[in-house]
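In this note's numbering, the protein residues as written are 14 to 374.
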């Protein structure tokens, strides 16, 4: 026991109302984090056993993570100089904010979008702005003209949005996205975490055409390696060079990088899991569409966003049955559920729960 006067350690007042984002509970049917429920990597650790040595634990190793970046560059169809790697897309979002924004610069996104965009801006101290999407034809619509006008009004320096969008599941019109990239006077970041589940092409092919475009990709979704925490940023060589200045050395584990490289050797397995996800999504969409007064957003992701009368009661009932997914009580998606597309047996159980909820109500 140390004596002396009591000390009060100071902390940033901007963080006084924050709470740690820690989730201890894992339910049998966790459909809240948009993980891949179809892929089985049981043999992956067996395949990497010979690739991993004790030196991967003892020494820092290759700070460029050459093997995994070369393989992902080939997968994405870009040059090795146009890609860098990080501890998941979240980490790279943090590095982008740190690299391209000063304390009072403005970061702009849309509403709704990935909540971690705001988190990292508040942590950094930059100004955060969000432009609300419009409802049109029972979906959310992105107008490039209106977003660009708003960007000019607030003086945005970085514009980041997910496409397909999380949490709404919709993909935006290609011409609207390209107009934003073409006309925005700053950095445009497209978060393509769910692009493999979409029928829309990636914008990766345009990083050479537009020197203000940066794409985020991940192994967490289509590759089903969320626990690996491996993400990639793709852009022209100049932007990658600037971003690499902020990324701490040896930030990715040697073991993680080697497992990621091994997974990239088995893209056929990933393609099969993507098709299975799409089939399950299509089946559940058809079921939801058959329900009275059910609104289902047109999904281009591995999750569905929908609402119906009694959605909140269904959500609470599902929690008692070992299911977890998102229910939005406020905001543009108030009353909507966001649910990962699960395995057929999981979705069958959910159909029963929904029908029970409807009959109960």
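Backbone N, C-alpha and C define an ideal beta-carbon position, used for all residues, glycine too.
Exercise for review: Taking 8 Å as the threshold, find out whether the segment 262-269 comes into contact with the segment 72-81 through three or more Cβ pairs.
Suggested key: yes
Review point. Helix or strand or just coil, what does DSSP make of residue 65?
Key: Residue numbering aside, residue 65 sits at position 52 when the chain shown is read from its first letter. DSSP places residue 65 in coil when its eight states are reduced to three.
**Study point:** Straight-line Cα distance separating residue 299 from residue 291
**Key:** By 1-based counting over the chain shown, the position of residue 291 is 278. By 1-based counting over the chain shown, the position of residue 299 is 286. Going by the C-alpha atoms only, they are around 12 Å apart.
Exercise for review: My understanding is that residue 85 touches residue 241, with C-beta atoms under 8 Å, so please give their C-beta distance in whole angstroms.
Suggested key: For the purposes of this step, residue 85 is identified with residue 72 of the chain shown, where counting begins at 1. For the purposes of this step, residue 241 is identified with residue 228 of the chain shown, where counting begins at 1. About 13 Å; that fails the 8 Å criterion.
Exercise for review: Quick one: grab the DSSP three-state call for residue 243.
Suggested key: Position 230 of the chain shown, counted from the start, is the residue given in the question as residue 243. Correct three-state label for residue 243: coil.
**Study point:** Nearest neighbour of residue 46, chosen from 158, 23, 233 and 92 [CA to CA]
**Key:** Taking the chain shown and counting its residues from 1, the one referred to as residue 46 is at position 33. Comparing Cα positions, the closest option is 233.
Exercise for review: Between the Cα of residue 355 and those of 127, 178, 237 and 21, spot the shortest distance and give me the residue it belongs to.
Suggested key: For this step, residue 355 is matched to residue 342 along the chain shown. Closest option to residue 355, Cα to Cα, is 237.
Exercise for review: Kindly list the residues whose CB is nearer than 8 Å to the CB of residue 244, restricted to its own chain and excluding five residues on each side of it in sequence; keep chain order.
Suggested key: Numbered from 1 along the chain shown, position 231 holds the residue referred to as residue 244. So the qualifying residues of the chain are 98, 99, 100, 101, 102, 103, 104, 105, 229, 230, 231, 232 and 233.
Point to revise | When 24, 55, 44 and 65 are compared against residue 274, the one with the closest alpha-carbon | key: If you number the chain shown from 1, residue 274 lands on position 261. Among 24, 55, 44 and 65, the Cα nearest to that of residue 274 is on 65.
Check your understanding: With distances taken from CA atoms, which of 175, 270 and 235 is nearest residue 83?
Key -> Translated into the one-based positions of the chain shown, residue 83 becomes position 70. Ranking 175, 270 and 235 by Cα distance to residue 83 puts 270 first.
Point to revise | residue 91 - DSSP class collapsed to helix/strand/coil | key: By 1-based counting over the chain shown, the position of residue 91 is 78. The answer is coil: DSSP assigns residue 91 none of H, G, I, E or B.
Review point. Between residue 382 and residue 217, is the Cβ-Cβ spacing less than 8 Å?
Key: There is no way to answer for residue 382, as the model of the chain reaches only from 14 to 374.
Check your understanding: When DSSP labels each residue in this structure, what does residue 352 get in the three-state scheme?
Key -> Within the chain shown, residue 352 is the residue found at index 339, counting from 1. Correct three-state label for residue 352: strand.
**Study point:** Segment contact flag, the segment 51-60 with the segment 317-326, C-beta cutoff 8 Å, min 3 pairs
**Key:** no
Exercise for review: Determine the DSSP secondary structure at residue 159, reduced to helix, strand or coil.
Suggested key: Looking up residue 159 in the chain shown gives position 146. It is helical.
**Study point:** Cβ neighbours of residue 255 in the same chain (closer than 8 Å, five flanking residues each side left out)
**Key:** To locate residue 255, count along the chain shown from 1; it is residue 242. Cβ neighbours of residue 255 beyond the five flanking positions: 112 and 113.
Review point. With a Cβ-Cβ cutoff of 8 Å, do residue 351 and residue 338 count as a contact?
Key: Working through the chain shown from its first residue, we reach residue 351 at position 338. Working through the chain shown from its first residue, we reach residue 338 at position 325. A distance below 8 Å separates the beta carbons of residue 351 and residue 338.
Point to revise | CB contact flag (residue 375, residue 169, <8 Å) | key: Residue 375 is absent from the model: the chain starts at 14 and stops at 374.
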